[in-house]
Amino acid sequence: MRIKERIIEGILMLCAAVSVLTTIGILWVLISESSSFFSEVSVFDFLTDTQWTPLFADKHFGIMPLVSGTLLTSFIAVLFALPIGLTIAIYINEYAPKSFRKSIKPILEILAAIPTVVYGYFALMVITPFLQNFFPTMAGFNALSPGIVMGIMIIPMISSLSEDALYAVPKSLREASYGMGATRLQTSFKVLVPAASSGIIVSVILAVSRAVGETMIVAIAAGQQPRLTLNPFVPVETITTYIVQVSLGDVVQGSLEYQTIFAAGVALFVLTFLLNNISYFIKKKFQEKYE
Amino acid sequence: MNEHFSINRVKDNAFKFFGIFCTLFGLIMLGVFLFSVLKEGLPRLNWQFFTSFPSRKPEEAGILICLLGTIWVMVLTSLIAIPLGVASGIYLEEYGRKNKFASFIEINITNLAGVPSIIYGLLALEIFVRIFGLGKSLLSGSLTLSLLILPIIIVATREAMKAVPKTIREASYALGATKWQTIWFQTLPAAAGGIITGVILAISRAIGETAPLIVIGAMLYITTVPVSPMDDFSVLPIQIFNWLSRPQKGFIVNATAAIIVLLAITFILNGIAIYLRNRWQKKVKW
Chain A
0 MRIKERIIEG ILMLCAAVSV LTTIGILWVL ISESSSFFSE VSVFDFLTDT
50 QWTPLFADKH FGIMPLVSGT LLTSFIAVLF ALPIGLTIAI YINEYAPKSF
100 RKSIKPILEI LAAIPTVVYG YFALMVITPF LQNFFPTMAG FNALSPGIVM
150 GIMIIPMISS LSEDALYAVP KSLREASYGM GATRLQTSFK VLVPAASSGI
200 IVSVILAVSR AVGETMIVAI AAGQQPRLTL NPFVPVETIT TYIVQVSLGD
250 VVQGSLEYQT IFAAGVALFV LTFLLNNISY FIKKKFQEKY E
Chain B
0 MNEHFSINRV KDNAFKFFGI FCTLFGLIML GVFLFSVLKE GLPRLNWQFF
50 TSFPSRKPEE AGILICLLGT IWVMVLTSLI AIPLGVASGI YLEEYGRKNK
100 FASFIEINIT NLAGVPSIIY GLLALEIFVR IFGLGKSLLS GSLTLSLLIL
150 PIIIVATREA MKAVPKTIRE ASYALGATKW QTIWFQTLPA AAGGIITGVI
200 LAISRAIGET APLIVIGAML YITTVPVSPM DDFSVLPIQI FNWLSRPQKG
250 FIVNATAAII VLLAITFILN GIAIYLRNRW QKKVKW
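For the record, the sequence lines run as chains A and B.
The first sequence: position 243 = 242 (numbering that gives the first Met the number 0), numbered continuously.
The second sequence: position 265 = 264 (numbering that gives the first Met the number 0), numbered continuously.
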């Protein structure tokens, strides 16, 4: 009996170890493939060159245009999602009846469950033509439309994480504010939001991280032209789109072009890893504050 | 003083309506979106569309191969990810409470959950496709998606196991059951509802995933029905992406029709998950 118990525990532990192997695998693949890339292209050029043209005759390997495209679309997404998501969180927390809260959650969850390729269609075929009514000079592929659609996609994430943060604010603070005669709006913005600010910041950082790693929406609707710009009306290319673009073509394995997708992958991994850990750090500090 | 009071009241009420609007905004977008998709794609959904192979002519093309691919991926991914994920969840929740290895795995899983899906594609391209030599097969794709959804299943399992009250475990131990007997006959069945809900949501996520499969080279244009896990494959989202990138209007209509099919599958799975969760929450009162 005891031996059987030990064997079962061992098997379960092996299963749990798969996730460690996955992490090791990711790190190993990214490092080994990109190290041969960086033996041919200097890290300095990679970070400072303002052009990314590995697929052309005149090759440049500056990651900045891809990073700027990625950050531009992500920034638009958060700019769009934060006001709406935060308002939803405040509304559900302070204004809405309890029954409403129960029925609205599944609806927001549906938004989060829609496959991203479908959101990409939405950006390309619905939002872009709609926006072109207002901005006639806007290109068919641009940063604005996928940015907005990514915003719609991350609204549930921001609203539910912010709501948790607002909910965690001690009741005494809320009651003190109401006791002073403040309205719900004043209580929300002058007491609850500042008190929950670290939780809200965490939700925003995680949302940025999600948007940075998002692939299909930008691959479908943002275009494939790496350029260093803040103009939301012209085509841009994100890190993820570049990886998709190369994967669709016939690039020879082991070639420098092939290695560029791993170098781009490193940039993407580092970006999201930093964002996730900053949010984790803030979350830890925040928990200490209230306990 | 009084005036001040009423202005604040008005602002408060104005914000209330803004709040209602924002909350319904998602619903409105969903409505606009479903309407535009159904209007464009519904007329295209006929028997021919479901039973045809890919084609250069949009009106002759169909989703047979990618629909079968999606079903294959769904089955294989479930077979791989569910046992692994549930076992990991059980280990972390029941065995690894206080040891260092378990807390190391936990940090790992938190980090993995934040890794963009396309990175899993790069991992799989190198490990499964090249080193294991599995090629661009269904098995490669399913292994990739399994790794991707593993954190979701692990977290769902742990939450469900955590919700089972201590008293049930203690009663079982008091009757002389071993740890594993307690888990297998008591805790796991009691947590099944929550685990199944999490698993369905994870599978639904896997079916909609596109990027990692593009990276491992899932074929955009294949003309044979996949009959074994080692066959080349395509899935619905990849077919949609492919059609969307064609200039002809006919292919866009095809993409829209395929989106309806993909959304139907996603919504059905999510509906089942939400239904099970509600039923489970209602039934179980400890």
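Ideal Cβ placement from N, Cα and C applies to all residues, glycine included.
What does residue i reach in chain A if we use C-beta pairs closer than 7 Å?
i	result
residue 11 of chain B	182, 183, 184
residue 17 of chain B	86
residue 258 of chain B	117, 120
residue 8 of chain B	182
Can you tell me whether DSSP reads residue i as helix, strand or coil?
i	result
residue 131 of chain B	coil
residue 231 of chain B	strand
residue 41 of chain A	coil
residue 244 of chain B	coil
residue 133 of chain A	coil
residue 60 of chain A	strand
residue 290 of chain A	Any reading at residue 290 of chain A must be qualified, since the residue scores a pLDDT of 45, below 50, and its modelled position is unreliable; no value is offered.
residue 279 of chain B	helix
Could you tell me which chain B residues have their CB closer than 7 Å to the CB of residue i, listed as they occur along the chain?
i	result
residue 247 of chain A	213
residue 24 of chain A	122, 126
residue 21 of chain A	111, 146
residue 8 of chain A	94
residue 11 of chain A	86, 89, 90, 94
Is the beta carbon of residue j closer than 7 Å to that of residue i?
i	j	result
residue 174 of chain A	residue 91 of chain A	no
residue 79 of chain A	residue 147 of chain A	yes
residue 61 of chain A	residue 158 of chain A	no
residue 181 of chain B	residue 160 of chain B	no
residue 261 of chain A	residue 33 of chain A	yes
residue 116 of chain A	residue 179 of chain A	no
residue 148 of chain B	residue 80 of chain B	yes
residue 117 of chain B	residue 277 of chain A	no
residue 279 of chain B	residue 192 of chain B	yes
residue 265 of chain A	residue 68 of chain A	no
residue 89 of chain B	residue 11 of chain A	yes
residue 200 of chain A	residue 25 of chain B	no
residue 120 of chain B	residue 237 of chain B	no
residue 160 of chain A	residue 144 of chain A	no
residue 233 of chain B	residue 40 of chain B	no
residue 89 of chain A	residue 22 of chain B	no
residue 210 of chain A	residue 76 of chain A	yes
residue 198 of chain B	residue 140 of chain B	no
residue 91 of chain B	residue 157 of chain B	yes
residue 253 of chain B	residue 86 of chain B	no
residue 62 of chain B	residue 210 of chain B	no
residue 94 of chain A	residue 134 of chain B	no
For residue i, return the contacting residues in chain B, with the cut-off set at a CB-CB distance below 8 Å.
i	result
residue 105 of chain A	273
residue 215 of chain A	209, 210, 236, 240
residue 219 of chain A	240, 243, 244
residue 0 of chain A	177
residue 207 of chain A	Those within 8 Å of residue 207 of chain A in chain B number zero; the least Cβ separation is about 11 Å.
Taking residue i as the query, report the chain B residues whose CB atoms sit under 9 Å from its CB, ordered along the chain.
i	result
residue 194 of chain A	What residue 194 of chain A touches in chain B: nothing, since even the nearest Cβ is about 18 Å away.
residue 90 of chain A	14, 15, 17, 18, 19, 21, 22
residue 275 of chain A	109, 110, 112, 113, 114
residue 177 of chain A	Residues of chain B passing the Cβ test: none, with the nearest at roughly 12 Å.
So residue i contacts chain A; which residues on that side make the cut at Cβ distance below 9 Å?
i	result
residue 57 of chain B	Within 9 Å Cβ-Cβ: nothing; residue 57 of chain B doesn't reach chain A, min ~15 Å.
Is the closest heavy atom of the ligand FMN to the C-beta of residue i under 6 Å?
i	result
residue 166 of chain A	In the structure shown, the ligand FMN is absent, as is every other ligand, since no ligand is present at all.
Which chain A residues sit within Cβ distance under 8 Å of residue i?
i	result
residue 116 of chain B	212, 214
residue 265 of chain B	112, 113, 114
residue 269 of chain B	108, 109, 112
In chain D, what lies closer than 7 Å to residue i by C-beta?
i	result
residue 107 of chain B	Here the protein chains are A and B, and chain D is not one of them.
Report task. Anything in the stretch 73–90 of chain B with a Cβ closer than 7 Å to a Cβ of chain A? List those residues in chain order, please. Result -> Those would be 83, 86, 87, 89, 90, in chain order.
Query raised in the report: Given a limit of 8 Å on CB to CB distance, which residues of the stretch 108–133 of chain A reach chain B?
Result: 108, 109, 110, 112, 113, 114, 115, 116, 117, 119, 120, 121, 123, 124, 125
Report task. Using a Cβ-Cβ cut-off of less than 8 Å, list which residues of the stretch 186–208 of chain B approach chain A; keep chain order. Result -> 200, 203, 204, 206, 207, 208
**Report entry** Residue ranges of each alpha helix (DSSP H) within the stretch 92–121 of chain B, 4 or longer
**Finding:** Secondary structure within the stretch 92–121 of chain B: the alpha helix (DSSP H) runs of 4 or more consecutive residues, fully enclosed, are 99–112 (chain order).
Query raised in the report: Taking a cut of 9 Å between CB atoms, which residues from the stretch 28–51 of chain B lie near chain A?
Result: 28, 29, 31, 32, 35, 36, 39
Query - Within 9 Å of chain A by C-beta, residues of the stretch 128–142 of chain B in sequence order - result: 129
Query - Continuous alpha helix (DSSP H) assignments of at least 4 residues falling wholly in the stretch 23–79 of chain B - result: 46–50
Query raised in the report: Can you list the beta strand (DSSP E) stretches of 3 or more residues lying completely in the stretch 228–259 of chain A, in chain order?
Result: none
Query raised in the report: Using a beta-carbon distance cut-off of less than 8 Å, what residues from the stretch 256–271 of chain A approach chain B?
Result: 260, 261, 264, 267, 268, 271
Report task. Write down every uninterrupted run of the alpha helix (DSSP H) in the stretch 87–117 of chain A whose length is 4 residues or greater and which is fully enclosed by it, in chain order. Result -> 97–112
Requested in this report: May I ask you to list, following chain order, the residues of the stretch 222–246 of chain A that have a beta carbon less than 8 Å from some beta carbon of chain B?
Outcome: 239, 242, 243, 246
Report task. Give the residues from the stretch 157–178 of chain B that approach chain A closer than 7 Å (Cβ to any Cβ), ordered along the chain. Result -> Going along the stretch 157–178 of chain B in chain order, one finds 177, 178 with a Cβ nearer than 7 Å to chain A.
Requested in this report: Please name the residues in the stretch 26–55 of chain A whose beta-carbon is closer than 9 Å to at least one beta-carbon of chain B, in chain order.
Outcome: 27, 28, 29, 31, 32
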